[in-house]
Every structure is written in C-alpha cells, then in structure tokens.
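Chains as they are written, first to last, in my numbering: chain H, 1 to 259; chain V, 260 to 582.
Positions of the beta carbon are idealized from the N, C-alpha and C atoms, including for glycine.
All figures in this text were calculated on a predicted structure; none of them were measured in a lab.
Everything below concerns the one structure shown next.
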Amino acid sequence: MKIIVCIKQVPNTTEIKIDPVTNTLKRDGVPSIINPDDKTAIEAALRLKETNGATVTVISMGPPQAEKALREALAMGADEAFLITDRAFGGSDTLATSTIIAGAIEKLGADLVLCGRQAIDGDTAQVGPQIAEHLGIPQITYAADLSCEGNCIRVKRQFEDRYQILEADMPCLVTVLATMEKPRYMNVWDIVAQDEKEIGKITFADLTLDPARIGLNGSPTKVKSTATKQFDKTIETLELDPAEAAKTIVAALQKRHLL
Amino acid sequence: MNRIWVFCEQRDNVLQPVALELMGAARSLAAQSEGTVGALLLGSGVSPLAQELIACGADTVYVVDDEKLAHYTTEAYAQAICQMVREENPASLLFGATSIGRDLAPRISARLRTGLTADCTKLEIDEQGSLFMTRPAFGGNLFATIICPNSRPQMSTVRPGVMPKPVRDDSRQGEIVPVTVAWQTEKLCVRVVEETKESQSVENIEEAKLLVSCGRGVKNTEPAFELAKKMKGTVSSSRALVDAGIMEQPRQVGQTGKTVRPQAYLAFGISGAIQHLAGMEESEYIVAINTDKNAPIFKIANLGIVADAAAVMKELNKLLEEA
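Given below as structure tokens:
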C-alpha cells in the first residue's frame, strides 16, 4: 500500500499577538510547526505501515523553509518526502492549492491519501476534500479512527452529535482529527537517517497543470481586505467588594428581566 | 436573476438551527440585492419540512426526497446539489459550517470549479449581488473579507450561532419544487456500515439563554453549576479549563469551541483572549468579573466588575439562596 500524507507548515497561532500600535499581526519570532491535525495524519500513516505494511510519502506545498516540516516527518519515520514549490504557485487559494497538490499526487501515485482535517492558520478544512474531487476518489473527513483490511479503509467519522462507521475501497482520501492518535516523537535513528535523505522537489515544470487554474490568477477567491479586531464598547468598570458585586449583578439582571 | 441558495441541513429529519439562521441571512441579502431565496432540502422523508422553510423566508424550496439521502454521504449530497446548481445557476450558495457543510461544500466547489470561503461570521452584499464574506483567520487574530468576483455560484460556509434566526411567518407564500436526481450510482461507493447517535453528555451551551462561564480565575467549578441552576442557565467555559481537564470540551466557548449569543453571558475569571471573545461577543448582555482591571474582557462587557470571581460567585449563590 502506498500512502501519501499531505502536511502544511503553519505558524503556531496560539503565540501570535497583535501589535497594539500598528494593529497588524506580529509574526516575528513565532515558531513554525507541522499543523497539528497533519501531524496526526503522519502518525496514522506510520501505524498503518506497522500493522499492514506500507510506504509513507509526505508532501508539502510551500516555500523552501517548509523543508523543515518535511525533515521532521522523516525523523518520525516517513520513507520519503517531497516539497511542492514554485513561484507560480504563490497566491493560490484553496481551489488552486488543491489543484496543484492533486497534480503532485497523481504524479507520485497513491492508494491512500491522508490529510489533517484543517490547518490552524487558515482553518478552512477545504483542501482535503477538494484534492479528492480533483483526483476523482471518495473522501472521508473528520476521521476519529482508521483501520485497513485488504483494499478496504474503515473509518469512524465524527459529527457533532453522532458518528458513522464508513467503509471505502482504495484509492480514497481521509482527513483526520488531531484527537485520533498522539503523534510519536522523532526518534534518534530516523533523525540520523533523515540527514542522509534528499527531499524531492516538485515544481510547475514537473506537473501537467493548466496555468489558468493555479496561483493568484487561478484562484476564484480574492482577499479584499483584512482587519484586526476593533472594540468600540465603552463601559464603566467598577471596583467592588464581592458582596456588593453580587448585589449589583443581580440588580442588573433583574432590571433586564434575565432573572 | 440573483438567486441566493441555502443548503438546509437536517438531521433525523429535524432542520438544524443553522439552516434557519441562514434562511434569515439569505432573506436579508436578497432584500439588498433584488434577489430571491432558494432553500435546498435533501433527505429521505423530508418533504413535510418544506413549509417551515417558506415560513422562515424561502421563495422556492427545492426538495430532493430520496432513500439514497437517508444517511448523509458526501457523494450523494454533492451529486444532487451539483445537478440543481447546473440547472438553475444560483449566484450564491450558502452552507452551515458544520461537520456536514464543511465536508460537502469543498467537494461541490471543486466539482463546479468555483470559489468557497470557509466559516464566515459576516456576510454582506452589493446591489449587483456580489458577496463580501468575512471570516476569522490566524486563530481569530485577523479578519479577512473575501470576494469571488469572476465565478458563480459564490460559495460560503457560515458559522452556526452567528446569524440571528428569522421570525417565522406562517402566512408567507412560496413554491415547492420536487427534484429527481439522475444518480451516477457507480460513484456512490462509500458504505455507511453504522450510524450511532451519541447522547449529549452535557447541556448544549448554544441553546442557553444565560451562561455562567468560567475561566482560569475559577479554580472550583462546583459553585458555578450551583449558580447556573439558580439562574436557570448553563455552565460554559474558556479553553483554559478545558485544556486543564476541569471542564468538558462541549462547554468550550471561542474560536476552537462554540459560538454563543445568549441573552446574558456572565464571564467569571475569564481574561478574554481574542479567541474567546470571537465566540461570545454577540451575547446580548455581558457581565465580566475579573481581578485584572486591564483584562480585555472588560472592553466588550456591558457590566465590568474588578473583583475575585470565585468570591463573587459565592456571594451570588448566597444572595439567590435567600431570595
């Protein structure tokens, strides 16, 4: 079985702060990490390799720095890694991004494609299903559990209020939840071994892509504007002892018929 | 013709709250752009729900009532919706940003090769019917307004709980159009082996009229449950207490939790990280109790009190006991 895991390098958004003066994102010094859901997808692939036998290929689309994320995946135990990178890919929205990644997967060939459910910087959860559509294969998203028997993938698919047990024959694509497995740490042997490995590069020239469907010009959605949060409520903040505070709160709620 | 369509999600043949919220949103967008509102109702045995959608704002309800749609599967729902879109060419197509909408909408957008904006919290429209879709990014630190200038339909998933529900008007008139799908059965290849409803382990904070919400400043949550009971409300939580294992995840408010808009939101010991504010700032009346007078929560509170949250909670319990 050939498994391709799609990962994204993301800034650790929990550490992003807003510069109060310029009102812009302060990204300097914010560490880059493998997106958490994607790291679980790597773990799920490595477990399938252990239980069923598989080769695990990790791919990432991004700037040259994203190689660091791929090196980490190799150090966790992935067999090979490819960076999909080209200036022509810049400015792609989810549809254009999924078109490019699907092109790379088609070139590499896969029985099972694993993605994280969504990335913590964009939070769209769109690229996985869009890749599946471009490849013409079924998708199963929100996987809380995953196993494989013969050519059949079995998934516990999580909803807000229920779950489904779904089965699909390969090839198929599954997006996994970070809660599915705890990703393993990099191990010493693989850290040493990955040093020897080349990270393959996949560029525009390597793929058969319609230039009108990639990059900024191939993206149907455009960012019109961005803004940081503005607050305009002005209120009085009272310093009260606890008993007074309780009375004030009850009075305010009663006045509004909320108690 | 500026058709604004809403995928009206149902589960067990009950319309989901977000479906009605979107009917309200679509109605208002249509009013600003000389548009009409179409509701897509898919499932098995769902036809009786069509009238409710008309009462909530639909001009036309397209009903696909088919056994193949009894359980949600991506491909069957995608085939049905793509067929309708290709026949009627709507200008906009909205979904709830639920685990169904966020599975289905990207599949459809790729099939139709059109733009999709995820998890929007605000929708605006110009007179020509072009949507301005605003969504949080970077963990709620940034808001981006997205447009889809050259392809139709413009697609968006919209976060549940953000748009107000419409006022139901049973005298509204509308058209009900039954649709038959020409299935490509060979592509319906994901098998549903089992579907199990999970009993809600905790009360649904999205439905609560009043929330007693606890943050890091509340070490012991028992008094919060006592207070919520006395106030006929529900207990919710910031992420800090969920991460610490003190509160259950379904109670979490914020960017990675739920969006709530209760009539009253009492924030006890919550500093108000931007990710938390994103999930509760639309609450009608916000009371904040925190020891740090510079806490960001005070910027959006209607009543801010600088005091120890646990101590105030204790006093409230005492006061309501006597009453």
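Nonlocal neighbours in the same chain, by C-beta distance under 7 Å from residue i, ignoring five residues either side
| i | result |
| --- | --- |
| residue 176 of chain H | 37, 40, 41, 44, 114, 116, 117, 143 and 146 |
| residue 487 of chain V | 471, 493 and 494 |
| residue 94 of chain H | 124, 126, 127 and 130 |
| residue 485 of chain V | 576 |
| residue 425 of chain V | 279, 282, 283, 286, 315 and 316 |
Endpoints, beta strand (DSSP E) assigned at residue i
| i | result |
| --- | --- |
| residue 563 of chain V | 562-565 |
| residue 456 of chain V | 450-456 |
| residue 141 of chain H | 139-149 |
| residue 437 of chain V | 434-437 |
| residue 95 of chain H | Note, residue 95 of chain H: premise wrong, no beta strand (DSSP E); alpha helix (DSSP H) at 94-108. |
| residue 471 of chain V | 469-473 |
Residue burial classification, residue i (beta-carbon count within 10 angstroms, cutoff 16)
| i | result |
| --- | --- |
| residue 418 of chain V | buried |
| residue 260 of chain V | exposed |
| residue 192 of chain H | exposed |
| residue 331 of chain V | buried |
| residue 62 of chain H | buried |
| residue 242 of chain H | buried |
| residue 90 of chain H | exposed |
| residue 430 of chain V | exposed |
| residue 60 of chain H | buried |
| residue 466 of chain V | exposed |
| residue 437 of chain V | exposed |
| residue 150 of chain H | exposed |
| residue 257 of chain H | exposed |
Chain H contact residues for residue i, given Cβ-Cβ distances below 9 Å
| i | result |
| --- | --- |
| residue 544 of chain V | 252, 253, 256 and 258 |
| residue 403 of chain V | 223, 224, 225, 226 and 227 |
Contacts that residue i makes with chain H (C-beta to C-beta distance below 8 Å)
| i | result |
| --- | --- |
| residue 358 of chain V | 141, 142, 158, 159 and 160 |
| residue 475 of chain V | Under the 8 Å cutoff, chain H gives no residues; its nearest Cβ is about 15 Å from residue 475 of chain V. |
| residue 450 of chain V | 166, 167 and 168 |
| residue 493 of chain V | Those do not exist, as residue 493 of chain V stays about 14 Å from chain H at its closest Cβ, beyond 8 Å. |
Close-in-space but distant-in-sequence residues of the same chain around residue i (CB under 6 Å, 5 per side omitted)
| i | result |
| --- | --- |
| residue 125 of chain H | 117 and 118 |
| residue 340 of chain V | 367 |
| residue 413 of chain V | 351, 390 and 407 |
| residue 296 of chain V | 263, 285, 286, 289, 316, 317 and 318 |
| residue 489 of chain V | 579 |
| residue 218 of chain H | 96 and 212 |
| residue 568 of chain V | 476, 477, 527, 528 and 548 |
| residue 523 of chain V | 469 and 544 |
| residue 565 of chain V | 552 |
| residue 518 of chain V | 418, 420, 421 and 538 |
| residue 384 of chain V | 288, 291, 292 and 390 |
| residue 199 of chain H | 67, 70, 81 and 83 |
| residue 501 of chain V | 508 and 511 |
Chain-order list of residues whose beta-carbon lies under 8 Å from that of residue i (same chain, five-residue window excluded)
| i | result |
| --- | --- |
| residue 165 of chain H | 154, 155, 156 and 157 |
| residue 172 of chain H | 112, 113, 132, 137, 138, 139, 140 and 153 |
| residue 161 of chain H | none |
| residue 274 of chain V | 267, 268, 308, 311 and 312 |
Chain-ordered neighbours of residue i on chain H, where CB pairs are closer than 7 Å
| i | result |
| --- | --- |
| residue 522 of chain V | 258 |
| residue 376 of chain V | 221 |
| residue 548 of chain V | 245 |
| residue 512 of chain V | Neighbours of residue 512 of chain V on chain H: none; closest Cβ ~15 Å, over 7 Å. |
| residue 444 of chain V | Within chain H, no residue comes near residue 444 of chain V; the closest Cβ sits about 14 Å away, beyond 7 Å. |
| residue 454 of chain V | 162 and 164 |
| residue 530 of chain V | Simply none; closest approach about 14 Å. |
| residue 488 of chain V | Going along chain H, no residue has its Cβ under 7 Å from residue 488 of chain V, so there is no contact; the nearest lies around 13 Å. |
Endpoints, alpha helix (DSSP H) assigned at residue i
| i | result |
| --- | --- |
| residue 129 of chain H | 127-135 |
| residue 41 of chain H | 36-52 |
| residue 305 of chain V | Here residue 305 of chain V belongs to no alpha helix (DSSP H), and DSSP marks it neither H nor E. |
| residue 520 of chain V | Premise fails: residue 520 of chain V is in no alpha helix (DSSP H) and is neither H nor E. |
| residue 413 of chain V | Run containing residue 413 of chain V: none in the alpha helix (DSSP H); it sits in the beta strand (DSSP E), 413-417. |
| residue 71 of chain H | 67-76 |
| residue 11 of chain H | It is not in any alpha helix (DSSP H) - residue 11 of chain H instead sits in the beta strand (DSSP E) that spans 9-11. |
| residue 317 of chain V | Taken as a continuous stretch (DSSP letters only), residue 317 of chain V belongs to no alpha helix (DSSP H), as it is neither H nor E. |
| residue 403 of chain V | Residue 403 of chain V -> not in any alpha helix (DSSP H); beta strand (DSSP E) instead, spanning 401-406. |
| residue 279 of chain V | 276-291 |
| residue 268 of chain V | Premise fails: residue 268 of chain V is in no alpha helix (DSSP H) and is neither H nor E. |
C-beta neighbour in chain C for residue i, strict 8 Å
| i | result |
| --- | --- |
| residue 214 of chain H | The displayed structure is made up of protein chains H and V, and chain C is not among them. |
Chain V residues whose Cβ lies nearer than 9 Å to that of residue i
| i | result |
| --- | --- |
| residue 133 of chain H | 337, 365, 366, 367, 368, 369 and 370 |
| residue 79 of chain H | Under the 9 Å cutoff, chain V gives no residues; its nearest Cβ is about 28 Å from residue 79 of chain H. |
| residue 98 of chain H | 365 and 369 |
Residues that residue i contacts on chain V, provided the C-beta gap is smaller than 7 Å
| i | result |
| --- | --- |
| residue 86 of chain H | What residue 86 of chain H touches in chain V: nothing, since even the nearest Cβ is about 21 Å away. |
Partners in chain V for residue i, counting only beta-carbon separations shorter than 8 Å
| i | result |
| --- | --- |
| residue 242 of chain H | 566, 567, 570, 571, 573 and 574 |
beta-carbon residue i near the ligand SAH non-hydrogen atom, thresh 7 Å
| i | result |
| --- | --- |
| residue 125 of chain H | Summarising the ligand content, the structure contains no ligands, and the ligand SAH is consequently not present. |
Checklist entry - Which full runs of the alpha helix (DSSP H) of 4+ residues lie inside the stretch 322-391 of chain V, going along the chain? => result 333-347 and 360-371
Checklist entry - Mind pulling the alpha helix (DSSP H) runs of 4 or more residues that sit fully within the stretch 155-239 of chain H? => result 188-196
Item to check | Whole beta strand (DSSP E) elements within the stretch 487-574 of chain V, 3-residue minimum | outcome: 493-496, 523-527, 544-549 and 562-565
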